[in-house]
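Number of protein chains: 2
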Amino acid sequence: MSLATEAADQPTLYKRIRADIEKRILTGEWPPGHRIPFEHELVARYRCSRMTVNKALSELAQADLIERRRRAGSFVRRPQHHSAVLKIADMRAEITALGRAYGYELIHRKLRTATAADRDRLGVKKAGKVVAITCRHSADNVPFAVEDRLIDLSSVPDAATADFSREPPGSWLLHHVPWTEAEHTISATVADDRAAEALDIAVGAPCLVIDRYTWRGARTITAVRLLYPGDSHRLVARFKGG
Amino acid sequence: MSLATEAADQPTLYKRIRADIEKRILTGEWPPGHRIPFEHELVARYRCSRMTVNKALSELAQADLIERRRRAGSFVRRPQHHSAVLKIADMRAEITALGRAYGYELIHRKLRTATAADRDRLGVKKAGKVVAITCRHSADNVPFAVEDRLIDLSSVPDAATADFSREPPGSWLLHHVPWTEAEHTISATVADDRAAEALDIAVGAPCLVIDRYTWRGARTITAVRLLYPGDSHRLVARFKGG
DNA sequence: CACGATTATATGTCTAGACATATAAGTCAA
DNA sequence: TTGACTTATATGTCTAGACATATAATCGTG
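Shown next as structure tokens:
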């Protein structure tokens, strides 16, 4: 078993070590559960210091490719099944990235004391003020998605006076409020009257739904529901690694 | 500006350094573009060696929270908008993780020479053999998803003789074939006759669709389409960090 | 002023040690 | 056999240095 394969073209030693091991894992030569050589063995193989192989192994562990267990060794992890990294940018970025003209239209905006439904949706107990917004995003003048959003003003007071008639609330929030945690829920539904009209599709047509909740620490910032025409829009996630 | 905040409760020094910086970024105290202290400044602040702060900063860079530029310093990165990590496990794991009883049923299996449609779907040019499978996954005896799969036998010869009447092809593949890349596409549709019958829902009911393509290097392994009843199933992705 | 050469500097990688700590494995007594 | 104790060992973290390298800034020159 020669771990040091071909001579390095360029990359640094720890990267070569990492790549060598990664290759063996991805080709299946070292299947899940396989114990990879101990650090001191790799030190001997590559004739380097322990810190160097440690760095390579640490990165592999961070990438969930291997699992490190004290006293036992390092083991190839069972493939993380199918994780997928979805990049859901804000709507303007998403649409311009497609090379299409971005359009935005505010349909409705209301500042109100949180109703029971609002509080439930935001996951808060106290009845503070909220802003409720409905708007539409379009690509090349074709409806792309409708957005239904609630912003908690006790977390984001400035949102009360922000001008959402020109700037989409999603962009505004991204630039004004740092967040620490978010949750997305993806589901499917069929268009009701309101959605059908806003998206210019038939009632009963399939729609992709993304519900997103954003927090900053314990405080809820915003809850948003995005409705995409199901036949035109797709979320694509490419994932690398085993 | 005191970087060394409260005394450490337990964690190691480099983790504390990383957490301190992360906090400042997430709270917005250090906004995107802000230059974080040079390594030698952090060394002085925390009275430790450069390797220790380097490890902390390297991990922050790996997590895309900061960007490191030689000679210039390290800078807070613009928030990665809304990325979402979807964990799509194989169906059995997904259902048992929900605490429900997993059920599997093979509906159809056929070994054939790839048709034009098959080749198109798999993205291959040559007309080799393929296995086409339709099956159903259920949770607590309620239909959970229908699966429509194509396996390229030139990439996975063993699939020709595997017994898919008891073991779901997804699990079998995960345990027998390592993969290097996958792509998911998520969309919405409405149930047609076949789907409605298999899922025991009404024709025209919304369905979530996941199309997954899996490769090993340049070879296509399998293409699968999963159809979930849209009102019952949700994909949840929680994401941390800004 | 524009452009090329030089220099200073922050990060990138690496070493040869050290001690800490979790834990697999072995040992011994009840 | 089981449970408690001990030991060996692989990983986890850290140090005080070193040289490499990319590049921002500066300096000179045409």
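Respectively, the protein sequence lines represent chains A and W.
For the first sequence, position 50 (counting from the first letter as 1) is numbered 50 according to UniProt numbering, and the numbering increases by one without interruption.
For the second sequence, position 178 (counting from the first letter as 1) is numbered 178 according to UniProt numbering, and the numbering increases by one without interruption.
Glycine included, C-beta positions come from ideal geometry on N, C-alpha and C.
| Item | Value |
| --- | --- |
| At the level of alpha carbons, what is the spacing between A223/W and E167/W? | 18 Å |
| So G204/A contacts chain W; which residues on that side make the cut at Cβ distance below 8 Å? | V190 and G204 |
| How is the beta strand (DSSP E) around L106/A delimited, first residue to last? | Y102 to T113 |
| Just to confirm the assignment, what range does the beta strand (DSSP E) spanning E183/A have? | E181 to V190 |
| Taking 8 Å as the threshold, find out whether the region 108 to 118 of chain A comes into contact with the region 176 to 185 of chain A through three or more Cβ pairs. | no |
| Between the alpha carbons of T220/W and A132/W, how many angstroms are there, rounded? | 14 Å |
| Less than 8 Å between CB atoms is the rule here; does S74/A satisfy it with respect to chain W? | no |
| Of all the CB atoms in chain W, is at least one closer than 8 Å to the CB of I66/A? | no |
| Using beta carbons (cut-off 8 Å, strictly below), is P37/A in contact with chain W? | no |
| Should H137/W be labelled buried (16 or more other beta-carbon atoms within 10 Å of its own) or exposed? | buried |
| Given this structure, state the Cα-to-Cα distance separating P157/W from P31/A, to the nearest angstrom. | 19 Å |
| Name the chain A residues whose beta carbon is nearer than 9 Å to that of G99/W? | Under the 9 Å cutoff, chain A gives no residues; its nearest Cβ is about 18 Å from G99/W. |
| G73/A bridges to which residues according to DSSP? | R69/A |
| Give every residue of the same chain whose Cβ lies closer than 6 Å to the Cβ of residue 244/A, excluding the five residues on either side of it in the sequence, and list them in chain order. | No information on residue 244/A is available, as it lies outside the stretch 1 to 242 that chain A covers here. |
| Determine the contact status of D148/A and R225/A, defining contact as a CB-CB distance below 8 Å. | yes |
| In terms of alpha-carbon separation, which member of P11/A, R194/A, I151/A and D192/A lies closest to G174/A? | It should be pointed out that residue 174/A corresponds to Leu in this sequence rather than to Gly. Residue I151/A is the option with its Cα nearest to L174/A. |
| Per DSSP, what kind of secondary structure is R148/W in: helix, strand or coil? | Sequence inspection shows Asp at residue 148/W; the Arg mentioned does not correspond to that position. Note: D148/W maps to strand in three-state DSSP. |
| Can you tell me whether DSSP reads I201/W as helix, strand or coil? | coil |
| Does any residue of chain A have a CB that is nearer than 8 Å to the CB of I133/W? | no |
| When you compare only the Cα positions, how much space is there between A8/W and S58/W? | Low confidence applies to A8/W: its pLDDT is 38, below 50, so where it sits in the model is not reliable, and the reading given next is rough at best. Looking at the two C-alpha atoms, the distance is approximately 21 Å. |
| Between C48/A and chain W, is any beta-carbon pair separated by less than 8 Å? | no |
| What would DSSP say about L173/A, mapped onto helix, strand or coil? | helix |
| Could you spell out where the alpha helix (DSSP H) holding A61/W opens and where it closes? | R50 to Q62 |
| Mind checking whether R77/W and D64/W have CB atoms under 8 Å apart? | yes |
| What number of angstroms, rounded off, separates the C-alpha of V190/A from the C-alpha of I210/A? | 13 Å |
| Start and end of the beta strand (DSSP E) containing A139/A? | K129 to A139 |
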